[in-house]
Each structure stands twice: as structure tokens, then as C-alpha cells.
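Notes follow the structure.
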């Protein structure tokens, strides 16, 4: 390929990546800025990281976000996976009804879902809204994404495998845990990552269902958006770093496991 054509194909991609990741890189750089300015560099410093770890309100928001995300991911992944398996076993008409119902929360604007949750908790007279109501809301809106992620993998599986396992003496529970779930593992991991991201990143629904004294990172950042606080840059940089490490681990880890298994097979 001529150099001009190669440059013409690479340049748009480079500009697109710069557009997407440029602001994140700038944010990470200015998290180490010595001054409060978000536009002018005045020297390297870790003062905003020290401020972050000394800010009880911010640490409480981080703890709430992580706890809500982990719990909602664990529960919605289990519920969504079992629901997907149940839906796949039904007749086409029943399956279509379930899938249409499952798609409603995904297609709905978040503000509509948030107002619906707020009215629901108000109608059942939940006075102390906070951690519990936020957790229930996050489980509810994460579960449909898990179902949509697991179902395509279920369709690709041979439906006779579970029947064959039970014919050979396995109980339905063993057929589920020993035959179906291991083959669904990649899809389950992907579903869990999506659920965690959706929960950790959520603002609109969390804002409408929480109460006084309970806020996650998104709500805290919103409350700080009207005043300059470089600690937000430090917090965002830590989050980006943690997510990057997690993605590398999730994508590279299976490759090492495959290589390890191949070496064992060769040795044996």
C-alpha cells in the first residue's frame, strides 16, 4: 500500500482516538497539577490525591459506589443468568413475550425509569430512602442487560447436552453447574462487567431513589460541578487506572490460562 493511502487510512483513526481519549489524558495530567487551575500547569504535585484520601465525604461516596456496584452485579448476574436459561427453555411465543418485556427497561430513557422507581418507593411509603432503595434499583435495571448478554451464548449451545448429562445420571442441578454454566462462563463474565459498569456509572436513577446522607460518586461529582475541585481529577484518574488494569486482566488472563493448559497437554 502506498504511503499516502496508508496515511489517509491511519489519520482518521488517530484523530478519532485523540477526540475520545484526549480529554481523559488531560484530566489525568492535571490531577498532578500543583494549582487549582484546570488549564494552566504550575508544577507536579500529589496534593490532590492527599486531599482525596483525607476527604471523608468523597471516600464515603467511593465506598457506597463500589459496594452498590459489587452487590448489584453479583445479584443481577445470578438472577439474569438463571432467567436467561429459563427463557431459553420456553416456547417461542412465551420467549418473545419475555424478551419484549425485558427490553422495555433497556429502551426506556433513564429519567423515565428513575421517576418510576421514585413513585414506586413513594407509593409503598418507603420513608428512609438510601442504600437499600439504591441497591434494589440498580439490581432491577442491571438484570435486563445480563439477560441480553447471556441469551445469545445460550442459543449457540447444543440443547441436547444437558439432556445427555441427565441421561448419564446427573441431577438437573449438576447438569446446570457442570455442563451449562461452564460453557456460559465467558458470557457471564461479560454480563457481570457490563452490570458493574452500568451500576458504578449510574447517576440519574441513583439521584432519584437515594435519600439524605447517601450518595455515590456520580451524585457527589454532580454536587461539586459548580465549584472547581481538582480532587475530582484525582478520583477519576484512579478509577480509569483500576478499570484499565481490570480490562487487561480479563482479556490477557484467559490467554495465559490457555497457554498453560496447552503446555500441560504437550507434557502429558
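Residue numbers (my numbering): 268 to 535. Just so it is clear, CB atoms sit at the ideal spot from N, CA and C, and this is done for glycine as well.
- In the DSSP assignment, residue 369 falls within the unbroken alpha helix (DSSP H) covering 359-374.
- Looking at the DSSP output, residue 311 bridges to 300.
- Between residue 350 and residue 409, the C-beta spacing is not below 8 Å.
- Nearest to residue 295 by alpha-carbon distance, out of 341, 313 and 278, is 313.
- Contact between the segment 408-425 and the segment 452-460 is present: 3 or more CB-CB pairs across the two stretches fall below 8 Å.
- Residue 445 is positioned such that its CB atom lies closer than 8 Å to that of residue 432.
- Under the DSSP assignment, residue 398 falls in the alpha helix (DSSP H) whose first and last residues are 398-423.
- Each of 473, 280, 467 and 502 was checked against the Cα of residue 385, and the nearest Cα belongs to 473.
- About 25 Å separates the beta carbons of residue 340 and residue 501, which is beyond the 8 Å limit, so they are not a contact pair.
- Per DSSP, residue 480 is not a residue of any alpha helix (DSSP H), being assigned neither H nor E.
- Between residue 412 and residue 361, the CB-CB gap reaches or exceeds 8 Å.
- Counting only residues of its own chain and dropping the five nearest sequence neighbours on each side, residue 332 has a CB closer than 7 Å to the CB of 467, 483 and 484.
- Bounds of the alpha helix (DSSP H) holding residue 337 are 323-355.
- In the assembly as shown, residue 308 is an exposed residue. Its beta-carbon has fewer than 16 other beta-carbons within 10 Å.
- Excluding its 5 nearest sequence neighbours in each direction, residue 310 has C-beta neighbours in its own chain below 6 Å: 301, listed in chain order.
- With respect to the C-alpha of residue 439, the residue from 338, 353 and 471 having the closest C-alpha is 353.
- Contact between residue 395 and residue 478 holds: their C-beta atoms lie close to 6 Å from each other, under 8 Å.
- Within the same chain, no Cβ atom closer than 7 Å to the Cβ of residue 403 is found once the five residues on either side in sequence are excluded.
- Listed in chain order, the alpha helix (DSSP H) elements of length 4 or more contained wholly in the segment 490-519 amount to none.
- Note on residue 321: under 16 other CB atoms within 10 angstroms of its CB, so exposed under the neighbour-count rule.
- The beta carbons of residue 470 and residue 489 sit closer together than 8 Å.
- In the three-state DSSP reduction, residue 437 falls in the coil class, being neither helix nor strand.
- For the pair residue 297 and residue 497, the CB atoms are nearer than the 8 Å cut-off.
- Taking the CA atoms as reference points, residue 379 sits about 11 Å from residue 371.
- DSSP, reduced to helix, strand and coil, places residue 287 within a helical segment of the structure shown.
- Note on geometry: alpha-carbon atoms of residue 424 and residue 293 lie some 45 Å from one another.
- At the C-beta level, residue 318 and residue 451 stay beyond 8 Å of one another.
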